[in-house]
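J.:
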Amino acid sequence: MKPINIKEKHALFSKQWHPHQIATVDDMQVILAKIKGEFVWHSHENEDELFQVIKGTLYMQFRDRTEVIKEGEIIVVPKGVEHCPLTKSDEEVHLLLFEKQQTAHTGKVAHEMTQTHYPKI
Numbered sequence: 001m002k003p004i005n006i007k008e009k010h011a012l013f014s015k016q017w018h019p020h021q022i023a024t025v026d027d028m029q030v031i032l033a034k035i036k037g038e039f040v041w042h043s044h045e046n047e048d049e050l051f052q053v054i055k056g057t058l059y060m061q062f063r064d065r066t067e068v069i070k071e072g073e074i075i076v077v078p079k080g081v082e083h084c085p086l087t088k089s090d091e092e093v094h095l096l097l098f099e100k101q102q103t104a105h106t107g108k109v110a111h112e113m114t115q116t117h118y119p120k121i
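Numbering-wise, the UniProt record's numbering puts 110 at position 110 of the sequence shown, and it's gapless, one number per residue.
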């Protein structure tokens, strides 16, 4: 039980679209990620996902609209909702995510960007 400095943890890795686990809470995991550009359209059949923007601006694309999430804001993507995270203007965005430990990175979508292991830092 010690404080976790999110900015210091983000400084420990540079690979984009490669989540790192910093904590667990019951059956949930707290993840940090750095993203740039467009990800993969996907959904999580049985899990919600919470995204908090630590640095930058996240554009969360849904099939019917795009939501803009700014530094210090969160968005919850409900289970079953197809989404695609995006950044603009070549900006690297730093995120904190909160999701169940069994949540697959890109749901049922297999893609070259899909990660199956989140290193613990």
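The C-beta atom is built at its ideal place from N, Cα and C for all residues, glycine as well.
1) Would you call the CB atoms of Trp17 and Ile35 closer than 9 angstroms?
2) First and last residue of the alpha helix (DSSP H) that includes His10?
3) For Lys70, I'd like the list of residues in its chain whose CB is within less than 7 angstroms of its CB, leaving aside the five on either flank, ordered along the chain.
4) Which of helix, strand or coil does DSSP assign to Thr66?
5) Between Val40 and His111, is the Cβ-Cβ spacing less than 9 angstroms?
6) Quick check: the Cα distance between Lys55 and His42, rounded to an integer number of angstroms?
7) Which residues does DSSP list as the beta-bridge partners of His94?
T.: So, from the listed chains and residues:
1) Contact flag set, yes.
2) Its alpha helix (DSSP H) spans residues Ile6 to His10.
3) Residues Val53 and Thr57 of the same chain have their beta carbon placed closer than 7 angstroms to that of Lys70, with the five preceding and five following residues left out of the count.
4) Strand.
5) Closer than 9 angstroms, so yes.
6) Approximately 23 angstroms between the Cα atoms of the pair.
7) Under the DSSP definition of a beta bridge, His94 partners with Lys34 and Lys55.
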